[in-house]
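Sequential numbering from 216 applies to the sequence shown in our numbering. C-beta atoms are modelled at their ideal positions from N, C-alpha and C, and glycine is treated no differently. One structure is given here, and the rest of the page talks about it.
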Amino acid sequence: MDNKALGKGLAALIPQKKEMSSLDNSGGEGVLYLKTSIIKDNRLQPRQNYDESKLAELVASIKEKGLLQPILVRKAGPGYEVIAGERRLRAARKLNFDQVPVIVKNVTDREALVLALVENIQREELNPIEEAQGFKRLVDEFQFTQEAVAGSIGKDRTTVTNLLRLLRLPLEIQEQVAADQISVGHARALLSIEDPKVQKALAKKIVAKNLSVRQTEALVRSHVAPAKKKAGRSKDRDIQILEEEIGRILGTRVMVEDRKNKGRVVIEYYSLDDLDRILGILRK
Numbered sequence: 216m217d218n219k220a221l222g223k224g225l226a227a228l229i230p231q232k233k234e235m236s237s238l239d240n241s242g243g244e245g246v247l248y249l250k251t252s253i254i255k256d257n258r259l260q261p262r263q264n265y266d267e268s269k270l271a272e273l274v275a276s277i278k279e280k281g282l283l284q285p286i287l288v289r290k291a292g293p294g295y296e297v298i299a300g301e302r303r304l305r306a307a308r309k310l311n312f313d314q315v316p317v318i319v320k321n322v323t324d325r326e327a328l329v330l331a332l333v334e335n336i337q338r339e340e341l342n343p344i345e346e347a348q349g350f351k352r353l354v355d356e357f358q359f360t361q362e363a364v365a366g367s368i369g370k371d372r373t374t375v376t377n378l379l380r381l382l383r384l385p386l387e388i389q390e391q392v393a394a395d396q397i398s399v400g401h402a403r404a405l406l407s408i409e410d411p412k413v414q415k416a417l418a419k420k421i422v423a424k425n426l427s428v429r430q431t432e433a434l435v436r437s438h439v440a441p442a443k444k445k446a447g448r449s450k451d452r453d454i455q456i457l458e459e460e461i462g463r464i465l466g467t468r469v470m471v472e473d474r475k476n477k478g479r480v481v482i483e484y485y486s487l488d489d490l491d492r493i494l495g496i497l498r499k
């Protein structure tokens with residue numbers, strides 16, 4: 216399956232209403248009906264948590280209007296496995312549906328994971344950590360580059376890189392991001408702190424005092440600055456602003472070492488793929 220088709224989302228893979236009336240599956244792409252009992256959950260599902268209130272809303276909607284969009288499945292042993300549409304399948308089971316409309320796709324694990332990610336992202340059903348973990352699986356298990364991940368899901372590479380960086384934070388903070396206790400902006404600010412204990416302490420303060428991202432960035436700077444002073448004189452405020460601006464553009468940590476009107480710029484990267492991403496930005 217072409218990655219361009221994956222990047223266009225589910226609309227490129229599911230027939231429109233006029234086409235759905237056909238039950239012909241001779242080409243493996245038409246709509247047919249399968250018993251819910253022979254369809255397994257997606258073992259590659261990037262979503263780890265389901266909002267029960269939203270699921271209840273979906274159940275009510277399907278009860279009133281029926282299941283309007285078929286579930287995407289693939290053959291798996293004697294039965295089938297969901298690729299996209301697991302919430303709809305769960306809702307159908309709650310309504311004791313014996314059968315559901317499906318489209319059978321012949322896809323690899325790699326393609327199945329991308330399709331599941333695309334569906335969840337388009338429906339805004341993944342939290343940032345689940346998104347990042349899904350991206351990491353594509354990179355680690357299926358040898359995607361960050362650029363390929365971005366192209367497959369329809370996001371820019373900087374977004375992918377910044378989300379992947381969240382996985383460098385302590386698990387406790389990742390859980391706070393997943394629970395929407397702190398935002399991605401808060402979490403990115405904490406990445407400037409190297410000590411995990413300090414990161415966790417500041418994360419607790421963010422939640423307790425309901426700090427904004429700007430307040431968090433100031434708090435982080437107040438912790439980073441003393442460590443820098445031990446190594447030498449404190450940095451000029453203009454240099455600090457320059458570091459922050461370059462870091463924002465490149466999506467990584469940047470240090471400007473000023474030595475009487477000359478010096479050097481240190482740009483951090485976290486993998487060869489990340490370095491390639493930064494070089495791509497610099498070449499523009």
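| query | result |
| --- | --- |
| Segments assigned beta strand (DSSP E), at least 3 residues, entirely inside the segment 284 to 371 | 286 to 291, 294 to 299, 314 to 319 |
| CB-CB length for E346 against I336, believed under 8 Å | 7 Å |
| Cβ neighbours of L310 in the same chain (closer than 7 Å, five flanking residues each side left out) | V274, I277, K278 |
| Own chain, CB closer than 7 Å to L465, minus 5 neighbours either side, in chain order | I482, I493, I496 |
| Counted within 10 angstroms of its Cβ, other Cβ atoms place S237 as buried (16 or more) or exposed | Note that S237 scores 32 on pLDDT, short of 50, meaning its location in the model is unreliable; the coordinates nonetheless yield the value given after this. It counts as exposed. |
| C-alpha gap between P343 and K475, whole angstroms | 42 Å |
| Between the CA atoms of F312 and A306 - distance to the nearest angstrom | 9 Å |
| Bridge partners - Y248, DSSP secondary structure assignment | P316 |
| Three or more C-beta pairs below 8 Å linking the segment 380 to 387 and the segment 352 to 369 | no |
| K499 versus D491 - alpha carbon distance | 13 Å |
| Cβ-Cβ separation, P285 to V246 (assumed contact under 8 Å), whole Å | 5 Å |
| Proximity to E267 [Cα-Cα], best of R303, L405, E459, D473 | R303 |
| Which listed residue (F357, V333, D473, G400) has its alpha carbon closest to that of K370 | V333 |
| Whether V480 touches I454 by CB criterion (8 Å) | no |
| Residue of I456, Y295, L330, D324 minimising C-alpha distance to V317 | Y295 |
| Coil, strand or helix - K477 by DSSP | coil |
| In DSSP terms, what E409 is bridged to | Its beta-bridge partners do not exist; DSSP assigns none. |
| Three-state class that DSSP yields for I482 in the structure shown | strand |
| Own chain residues within Cβ distance below 7 Å of A402, not counting five before or after | L381, L384, I388, V392 |
| Assigned secondary structure, I397 (DSSP; H/G/I helix, E/B strand, else coil) | coil |
| Buried or exposed (CB count within 10 angstroms, at least 16 for buried), K424 | exposed |
| E390, buried or exposed, once every other Cβ within 10 Å from all chains shown has been counted against 16 | exposed |
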